[in-house]
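Here the numbering used here runs 284 ahead of the position in the sequence shown, where the first position is 1.
Presented below is the structure to which this report refers.
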Amino acid sequence: MTYFDDLLEKTGGKERSVQWFRNQIKEMGEPPTRQLVSEGLISQRPSYGQMNFFYYDAKGKNELPYYDRFPLVLPIGVAESTGFIGLNFHYLSIPMRLKLLNVVAEYATSSEMNEDTRIRLTWNRIKRNPLVKPTVKRYLASHVQSRFRVITAEEMMAAVLLPVQRFVPSGVETKVYADSRRMANAPRRP
């Protein structure tokens with residue numbers, strides 16, 4: 285059984301609150317990121333319509349103020365033939381992640397939110413939401429350093445609550461979240 289299987293089994297098939305999930309994650313402990321990308325549904329390519337965990341080594345990393353080595357991304361488009369564009373939930377604080385997850389869930393193919401559910405999200409559908417701006421990232425296929433761990437719709441709540449972001453350099457999380465809040469709250473240009 286995977287970490288997510290264990291967590292979801294504890295729900296007993298019932299809807300659970302965010303606080304319930306947080307308590308269970310605290311009780312179970314943070315899973316090693318290697319475990320998260322080696323168990324469950326694994327793919328060679330990003331799975332569109334579902335979230336994905338993977339290891340990433342950013343191009344131009346020495347010029348970037350920070351980047352996430354272990355992104356949690358919902359792909360929303362292809363970036364020419366070089367990679368993909370996606371929403372990296374790790375760039376948002378937990379409360380902001382949950383708000384964006386609620387928005388994303390509106391585009392689910394089913395209200396069941398199970399392993400067959402897909403998120404039909406496009407840039408045109410989501411671009412006006414202010415929470416999206418800090419999360420949109422381009423990922424080059426040549427810089428992906430692992431296979432993709434596909435996160436099913438039923439696992440999404442737990443995935444956004446896991447504290448497994450790996451920002452480089454370390455210790456910049458507070459700055460990342462402050463920058464994201466500023467971006468999300470900035471007035472839009474007409």
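Glycine included, C-beta positions come from ideal geometry on N, C-alpha and C.
Predicted, not measured: the structure shown is a model, and the values here were computed from it.
One question on the structure: do residue i and residue j come within less than 8 Å of each other, judged by their Cβ atoms?
i	j	result
Thr401	Ala437	yes
Val420	Leu384	no
Ala273	Ile435	What the structure shows of the chain is the stretch from 285 to 474, and residue 273 is not part of that stretch, so it cannot be assessed.
Pro330	Phe368	yes
Thr317	Val448	yes
Taking residue i as the reference, give the member of the options with the closest Cα.
i	options	result
Ile403	Ser377, Met440, Leu424, Phe368	Met440
Phe338	Tyr375, Pro471, Ile326, Leu382	Ile326
Leu376	Arg409, Val302, Val416, Arg306	Val416
Lys411	Met397, Ala468, Gln334	Ala468
Gln308	Pro453, Ser454, Leu446, Val452	Leu446
Asn413	Thr366, His374, Asn386	Asn386
Pro315	Gly296, Glu323, Tyr287	Tyr287
Asn408	Tyr391, Ser365, Phe373	Tyr391
Val428	Gly313, Gln328, Met312	Gln328
Met312	Glu293, Thr366, Pro379	Glu293
Thr366	Ser322, Lys345, Glu396, Arg422	Arg422
Ile378	Thr295, Val302, Gly344, Met285	Val302
Ser430	Val388, Lys310, Ser322, Ala389	Ser322
Thr393	Tyr332, Gly297, Met285	Tyr332
Write down the C-beta distance between residue i and residue j rounded to the nearest angstrom, noting that I regard them as a contact closer than 8 Å.
i	j	result
Leu320	Arg465	Their Cβ separation, rounded to whole angstroms, is 27 Å, which puts Leu320 and Arg465 out of contact at 8 Å.
Arg450	Arg353	4 Å
Tyr350	Val456	5 Å
Is it buried or exposed for residue i, if we count other Cβ within 10 angstroms and need 16 for buried?
i	result
Ala470	exposed
Asn336	buried
Leu291	buried
Leu348	exposed
Arg381	buried
Pro418	buried
Pro355	buried
Gln334	buried
Meets three-Cβ-pair contact criterion under 8 Å: the region 354–369 and the region 454–464: Contact between the region 354–369 and the region 454–464 is not established, with fewer than three Cβ pairs separated by less than 8 Å.
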